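Counting in full-length UniProt numbering, the sequence shown runs from 1 upward without gaps. We treat Cβ as the ideally placed atom computed from N, Cα and C, and that holds for glycine. Owing to the predicted nature of the structure, the values given are computational and were not obtained by experimental measurement. Below is one structure, written out as structure tokens, with a few remarks after it.
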Amino acid sequence: MRTKHYFIALFLITALILTGCGKKSGQVNKKNKSTLSVYTTIYPIEDFTKKIGGSHVEVKSVYPAGADAHTYEPTMKTMMDIADSDLLIYNGAGLEAFIGKMENSLKNEKVVKVEASKGVKLLSNAEEHEHSEDDHKDDGHHHDKDPHIWIDPENAMMMAENIKVALSEKMPSAKDEFEINYQELKEKLEQLDADLSTVIESADRKELLVSHAAYGYWEHRYGLKQISITGISSENEPSQKQLQDIIETAKKHHIKYIIYNQNPATKVVDTIQKETGTKTLTLHNLEYIVEKDKENKEDYFSIMDKNIETLKKALSK
Numbered sequence: 001m002r003t004k005h006y007f008i009a010l011f012l013i014t015a016l017i018l019t020g021c022g023k024k025s026g027q028v029n030k031k032n033k034s035t036l037s038v039y040t041t042i043y044p045i046e047d048f049t050k051k052i053g054g055s056h057v058e059v060k061s062v063y064p065a066g067a068d069a070h071t072y073e074p075t076m077k078t079m080m081d082i083a084d085s086d087l088l089i090y091n092g093a094g095l096e097a098f099i100g101k102m103e104n105s106l107k108n109e110k111v112v113k114v115e116a117s118k119g120v121k122l123l124s125n126a127e128e129h130e131h132s133e134d135d136h137k138d139d140g141h142h143h144d145k146d147p148h149i150w151i152d153p154e155n156a157m158m159m160a161e162n163i164k165v166a167l168s169e170k171m172p173s174a175k176d177e178f179e180i181n182y183q184e185l186k187e188k189l190e191q192l193d194a195d196l197s198t199v200i201e202s203a204d205r206k207e208l209l210v211s212h213a214a215y216g217y218w219e220h221r222y223g224l225k226q227i228s229i230t231g232i233s234s235e236n237e238p239s240q241k242q243l244q245d246i247i248e249t250a251k252k253h254h255i256k257y258i259i260y261n262q263n264p265a266t267k268v269v270d271t272i273q274k275e276t277g278t279k280t281l282t283l284h285n286l287e288y289i290v291e292k293d294k295e296n297k298e299d300y301f302s303i304m305d306k307n308i309e310t311l312k313k314a315l316s317k
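Set out below in structure tokens:
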């Protein structure tokens, strides 16, 4: 398997070099461009970049609709397109496994990599799993830190500021416009923070039974207590003992709802639902959007507003 990966990487690097050489003679002076070509990973970064950059950016997501950020690997064509773009803005915190694999391929390319999580205080993945380190060392999706920073509006403000700075450095002529757009975005995030705080802190209960441990930053900031079925990565399913503990905890707290994200419920979730008699609700973790979200012209804030309504229901007695 490693040999296969080595030849794929070697072919990719060669392709990038050849592509770069072929384009140099035809490239225009990028400083005179009116539009920046930007690739992003998770949906909040895509949305914030569009809102801050306005007409000065052409934003494309690395991920197709519905892709799992923990496991997705870009196609060779996408990686070559990234190499020829102006900016690659990614979450970091160990979320996007492919970023490290691209390091050597991109170091001689013009694209500037921007880590949106820079400066954010990351929470540790304190969950205990029965798997040993050896079980995880080759899967590429084990997280020491919780990467789901964007669900906390305060963290989202820092991500947005990092995006604003990157755009301003790449296009100084539009710096003032980027600042205005950023301030408008920041005001909305401040209001969202207030709304989440009001709903969670005044709720009848704090326990939330979730399919995926994506809400640790709400725990830290607002006092929510997530009881998660899978770990930080949605691939990490519980052991039989952990499964029984989850069921007993849900019954102890008389939890009425089991929350899953925009992915369909797994067999494990179905099992817990049957054992606990809970009903299902959807909480969008914003890692990605699906085609239905695009059709409905959803954005970060409209999705979070719906999440708040879900929380009101899930946290009521």
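- Distance from the CA atom of P44 to the CA atom of Q244, rounded to whole angstroms, is 35 Å.
- In the structure shown, I89 adopts extended strand secondary structure according to DSSP, grouped into three states.
- Contact check for I258 and F178: beta-carbon distance about 42 Å, past the 8 Å limit, so the pair fails to qualify.
- Rounded to whole angstroms, the gap between the alpha carbons of E201 and V210 is 18 Å.
- Residue pairing from DSSP places V57 in a beta bridge opposite L36.
- At a Cβ-Cβ threshold of 8 Å, G66 and Y288 count as neighbours.
- The shortest CA-to-CA distance from K50 to any of A160, L192, M79 and T71 is the one to A160.
- The segment 66-84 and the segment 103-115 touch, with no fewer than 3 CB-CB distances between them shorter than 8 Å.
- By the 16-neighbour rule on beta-carbons within 10 angstroms, I229 is buried.
- Bounds of the alpha helix (DSSP H) holding I308 are Y300 to A314.
- One Cα belongs to L189, the other to A174, and the distance between them is close to 23 Å.
- Going by C-alpha positions, L88 is about 10 Å away from V59.
- Of the other Cβ atoms in all chains shown, fewer than 16 fall within 10 Å of the Cβ of M76; this residue is therefore exposed.
- For L185, no beta strand (DSSP E) encloses it; the enclosing alpha helix (DSSP H) starts and ends at K175 to E201.
- The C-alpha of K279 is placed about 7 Å away from the C-alpha of Q273.
- Note that the C-beta distance between A116 and N162 is below 8 Å.
- Between the C-alpha atoms of Q262 and D176 there is a straight-line separation of about 37 Å.
- Scanning its chain for C-beta atoms nearer than 6 Å, with the 5 sequence neighbours on each side dropped, one finds around Y215 the residues Q226, in chain order.
- Close CB contacts of A69 within its chain, under the 6 Å cut and outside five residues either way in sequence, are with I42, L95 and E287 (chain order).
- Residue pairing of K164 in beta bridges, as defined by DSSP: absent, with no partner found.
- Excluding sequence positions up to five before and after K164, its CB lies within less than 6 Å of the CB of I52, F178 and Y182, all in the same chain and listed in chain order.
- Taken atom to atom, the span from the alpha-carbon of K256 to that of A250 is near 8 Å.
- In the structure shown, the three-state DSSP call for E73 is coil.
- Membership of Q262 in any beta strand (DSSP E) is not indicated, and neither H nor E is assigned to it by DSSP.
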